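Per our numbering: the sequence shown = residues 88 to 241. All C-beta atoms in this analysis are idealised placements derived from N, C-alpha and C, irrespective of residue type, glycine included. All figures in this text were calculated on a predicted structure; none of them were measured in a lab. These notes are about the structure you will find just below.
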Amino acid sequence: MLEIVRNTPVQTMPLRSWNLSTTNDFFQEFDRLWNEVTTSLSSSLPSRYPYDLYETGDSLVLEMAVPGLRKDDLEVRLEGNQLTIRGTYPETQNAEERRYWSRGLPRGSFVQSLTLPASVEVDKIQATITDGLLRLTLPKVEQARVRKIAISSA
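If you want it as structure tokens, here you go:
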């Protein structure tokens, strides 16, 4: 099947002058350039561990693809509003005997962190894994829940 991909033009960086009169200036310029490059790359590259985060009236829900992993391979932590998911994909057995033409399967450990947009009730979080999909249901605290406001006539 033919897949059509839209060609997006490459965005060029504007010409910048460099202030390298001291060693400290060099490191500041390098930090500035590094931040520009990593910011543009992170917004254009797909996540290696794709996930969806959405909310319902009462909860935040995170669904993350973790193909081939079991519950014992994962660790989920919540500190404040920072959610961290750690996992370990099994290493290849007898890798030295293989001559790879292509490698795309994840191997080894990974960490995915994200900041939740609302406070949640930690004691009521539910986590399930089914067919390679990790699903976290994070009930929002009462103050963060959606409420319908009644309107009265004046």
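- Within the same chain, Cβ atoms closer than 7 Å to the Cβ of T215 are found at R222, the five residues on either side in sequence being excluded.
- Boundaries for R157: no beta strand (DSSP E) harbours it, and the DSSP string shows neither H nor E there.
- In summary, L170 is buried, with 16 or more beta-carbon neighbours lying within 10 Å of its beta-carbon over all protein chains present.
- Its chain contains R185, R194 as the residues whose beta carbon lies nearer than 8 Å to that of T179, once the 5 sequence neighbours on both sides are disregarded; these appear in chain order.
- Measuring C-alpha to C-alpha distances from K235 to each of G144, L140, D139 identifies G144 as the nearest.
- Bounds of the beta strand (DSSP E) holding E150 are 146-152.
- Only buried fits K227, as 16 or more other CB atoms lie within 10 angstroms of its CB.
- DSSP, reduced to helix, strand and coil, places V233 outside both helices and strands of the structure shown, so it counts as coil.
- Annotated as proximal: E150 and Y138, with beta-carbon spacing under 8 Å.
- The residues L170, in chain order, have a CB closer than 6 Å to that of L201 in the same chain once the five nearest residues on each side in sequence are set aside.
- Looking only at Y176, L120, A205, A241, the smallest Cα-Cα distance to E166 is reached by A205.
- DSSP, read as helix, strand or coil, puts Q180 in coil.
- Residues of the same chain with their beta carbon placed closer than 7 Å to that of D210 are lacking, with the five preceding and five following residues left out of the count.
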